[in-house]
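**Q**
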Amino acid sequence: MSKYQRPNIRRMDGYSWGEQPQDRQTIKLNTNENPYPPSPAVADALSNFTAAELRTYPQPTADVMREHIAKLHDLSTRQVVVTHAGDEALRLAITTYVSPGGTFASTDPSYSLYPVLAQIQDARTLRVDLEANWSIPPDFPAQARAADAQLTCLVNPHAPSGYLTPVEQLHRIAEEISGVLLIDEAYADFIDPKIGYTSRELVTQHDNVLVLRTFSKGYSLAGLRLGYLLGAEELITPIIEKTRDTYNIDAISQSLGIAALQDQDYARATWEKVREQRQFLAQTLNDLGWSCLASEGNFLLSTPPPNSIGAAEIYKRLKAEGILVRYFDHPRLHDKLRISIGTKEQNQVLLENLRHLCR
Ligand SMILES: Cc1ncc(COP(=O)(O)O)c(C=O)c1O
């Protein structure tokens, strides 16, 4: 280990990402990608993009994309910053709002990148256990306030449970904490529209709320690396003007991102298909004796039947059959599998294998 690393970097472990086999045969239900391809408009934009366009720098602040995003959320362009996917949005929020030695707050379990980013910033992490039903404990804001958390990150819908925190509770948390509240909506596109969830008023009514969105899931563009943050202009401006990498969004991503945003009908149709498959998979797993939490994400946190082999073993045996799901070695998760929603055909192959394995 190099003696030149900063002490906090020496002490920390990095992020462990889900397996990413590059073959096309594996049924990949482990990292919550959208199982449907990106919009044909994205494919057209890609084939029309010429190498000559790469000679000059891209538009520095991805302004055309910002305008499309602002319109989509009925906000002003100054309330939007485009990022190199959700992960860069998180890094920017931490480097802009948490001082080294300061406190970052979240729940446990949560997105495992959060504590890694906090360690890079040499910040302390407050992790508050979720309730048994995966909801945020009522005293969470008081705990974040007592710890003087400069940034609090909450995933909604929560990953890996799929639990949706009601927007009223998020308003209360925003009011009660003393720092910035980032609501990580990586999976919000998959929320059932009948619920009527919208975080727009969180952005317009509070000066301390950031909302994260990504193109990785909803727009089937995990390979492109595009995301954004919404927030009060005073929260967004320092990120645009100071902490972002210069030209953080390359020219190809700007062009493809705009094409994806312009084809909302296509994106919405994939979200609807994912919801239908989510219902089908949850129902069939329940019929097979599994218990699945109600999920508003594109994944199900599922516990195998009590008399079957355990989750870790099922994970290994599925992998041997070319099916990847996610197993977490975490006290609250080690008896469960997080299964991303696949296409109808992929889900059927998964179910056939599970019927056989858990007989
Ligand atoms: C909760 C959550 N937030 C953010 C992200 C970031 O995704 P990306 O960097 O692909 O936009 C992920 C990725 O899986 C996630 O699960």
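Residue numbering for the sequence shown follows this note's numbering, beginning at 544 and increasing consecutively.
The beta carbon of each residue, even a glycine, is placed where N, CA and C say it ideally should be.
Which residues are close to ligand 1, meaning CB closer than 6 angstroms to any heavy atom, in chain order?
**A** For ligand 1, the selected residues are N575, A628, G629, D630, Y654, V698, A702, D727, A729, T757, S759, A765, G770.
**Q** Look at the Cβ atom of R902, then the Cβ atom of P703, and state whether they are nearer than 7 angstroms.
**A** As a working note, residue 902 is residue 359 in the sequence shown. As a working note, residue 703 is residue 160 in the sequence shown. No. Outside cutoff.
**Q** Quick one: is L597 buried, meaning 16 or more other Cβ sit within 10 Å of its Cβ, or exposed?
**A** The residue given as residue 597 occupies position 54 in the sequence shown. Under this definition L597 is an exposed residue.
**Q** Would the region 730-748 count as touching the region 810-824 if we require 3 or more Cβ pairs under 8 angstroms?
**A** In short, these stretches touch, since the Cβ pair count reaches three.
**Q** Is the beta carbon of A825 sitting closer than 7 angstroms to the one on L843?
**A** Residue numbering aside, residue 825 sits at position 282 when the sequence shown is read from its first letter. Residue numbering aside, residue 843 sits at position 300 when the sequence shown is read from its first letter. Against a cut-off of 7 angstroms, the Cβ pair of L843 and A825 comes out as a contact.
**Q** Under 8 angstroms Cβ to Cβ from V892, same chain only, skipping five residues before and after it: list those, please.
**A** Here residue 892 is taken as the residue at index 349 of the sequence shown, counted from 1. Taken in chain order, the residues that qualify are I570, I866.
**Q** Got a sec, what are the start and stop residues for the beta strand (DSSP E) A648 sits in?
**A** As a first step, residue 648 is located in the sequence shown; it is residue number 105 there, counting from the start. Unbroken beta strand (DSSP E) run through A648: 646-651.
**Q** Starting from the C-beta of G800, find all residues in its chain whose C-beta is less than 7 angstroms away, skip the five residues before and the five after it, and write them out in chain order.
**A** Here residue 800 is taken as the residue at index 257 of the sequence shown, counted from 1. Here the set comprises M608, F758, L769.
**Q** So, with DSSP's three-state summary, where would you put F823?
**A** One-based indexing of the sequence shown puts residue 823 at position 280. Reduced to three states, the DSSP call for F823 is helix.
**Q** Please go through the same chain and pick out, in chain order, the residues whose beta-carbon is closer than 7 angstroms to the beta-carbon of G557, but skip the five residues on each side of it.
**A** Within the sequence shown, numbered from 1, the residue matching residue 557 stands at position 14. Same-chain partners within the cutoff: V659.
**Q** Considering just the uninterrupted stretch of the beta strand (DSSP E) at V868, what are its terminal residues?
**A** Here residue 868 corresponds to residue number 325 of the sequence shown, with the count starting at 1. Unbroken run through V868: none, as it is neither H nor E.
**Q** Whole angstroms are fine: how far does the CA of I782 sit from the CA of S798?
**A** For this step, residue 798 is matched to residue 255 along the sequence shown. For this step, residue 782 is matched to residue 239 along the sequence shown. Cα to Cα, S798 sits roughly 22 angstroms from I782.
**Q** Is L772 closer than 7 angstroms to L745 when the C-beta atoms are compared?
**A** Taking the sequence shown and counting its residues from 1, one reaches residue 745 at position 202. Taking the sequence shown and counting its residues from 1, one reaches residue 772 at position 229. Going by C-beta atoms, L745 is not nearer than 7 angstroms to L772.
**Q** Taking the alpha helix (DSSP H) that T695 belongs to, which residues open and close that run?
**A** Residue mapping note: residue 695 aligns to position 152 of the sequence shown, counting from 1. Premise fails: T695 lies in the beta strand (DSSP E), 692-698, not in any alpha helix (DSSP H).
**Q** Name the DSSP beta bridge partners of F842, please?
**A** Taking the sequence shown and counting its residues from 1, the one referred to as residue 842 is at position 299. Bridge partners of F842: S883.
**Q** State buried or exposed for S545, treating a residue as buried only when at least 16 other CB atoms are found within 10 Å of its CB.
**A** The residue you call residue 545 lines up with position 2 of the sequence shown. Exposed, since its Cβ has fewer than 16 Cβ neighbours within 10 Å.
**Q** Given a cut-off of 7 angstroms, decide if L804 and H611 are closer than it, judged by their beta-carbon atoms.
**A** For the purposes of this step, residue 611 is identified with residue 68 of the sequence shown, where counting begins at 1. For the purposes of this step, residue 804 is identified with residue 261 of the sequence shown, where counting begins at 1. Cβ atoms of H611 and L804: closer than 7 angstroms.
**Q** Pick helix, strand or coil for L572, following the three-state DSSP scheme.
**A** Numbered from 1 along the sequence shown, position 29 holds the residue referred to as residue 572. Residue state, collapsed to three classes: coil.
**Q** Do you know how far the Cα of T708 is from the Cα of F871?
**A** Here residue 871 refers to the residue found at position 328 when the sequence shown is read from its first residue. Here residue 708 refers to the residue found at position 165 when the sequence shown is read from its first residue. Answer to the nearest angstrom: the Cα atoms are 22 angstroms apart.
**Q** Let me confirm a value: P529 is counted as buried when at least 16 other C-beta atoms fall within 10 Å, else exposed. Which label applies?
**A** Residue 529 lies beyond the stretch modelled for the chain, which goes from 544 to 902, so this question has no answer here.
**Q** Out of T827, Y640, S851, R670, which has the shortest C-alpha to C-alpha gap to E895?
**A** Counting from 1 along the sequence shown, the entry for residue 895 is found at position 352. The residue with the shortest Cα to Cα distance from E895 is T827.
**Q** Going by DSSP, what residues sit across from D727 in a beta bridge?
**A** As a working mapping, residue 727 is identified with position 184 in the sequence shown. According to DSSP, D727 bridges with V698, L755.
**Q** Just verifying my parser: in three-state terms, what is the DSSP assignment at S796?
**A** Within the sequence shown, numbered from 1, the residue matching residue 796 stands at position 253. Here S796 sits in helix by DSSP.
**Q** Please go through the same chain and pick out, in chain order, the residues whose beta-carbon is closer than 7 angstroms to the beta-carbon of F592, but skip the five residues on each side of it.
**A** In the sequence shown, residue 592 corresponds to position 49, counting from 1. For F592, where only same-chain residues beyond five positions count, the Cβ hits under 7 angstroms are I795, S798.
**Q** Check for me: the alpha helix (DSSP H) holding D672 runs from which residue to which?
**A** Mapped onto the sequence shown, residue 672 falls at position 129. Segment 667-672 is the beta strand (DSSP E) holding D672; no alpha helix (DSSP H) there.
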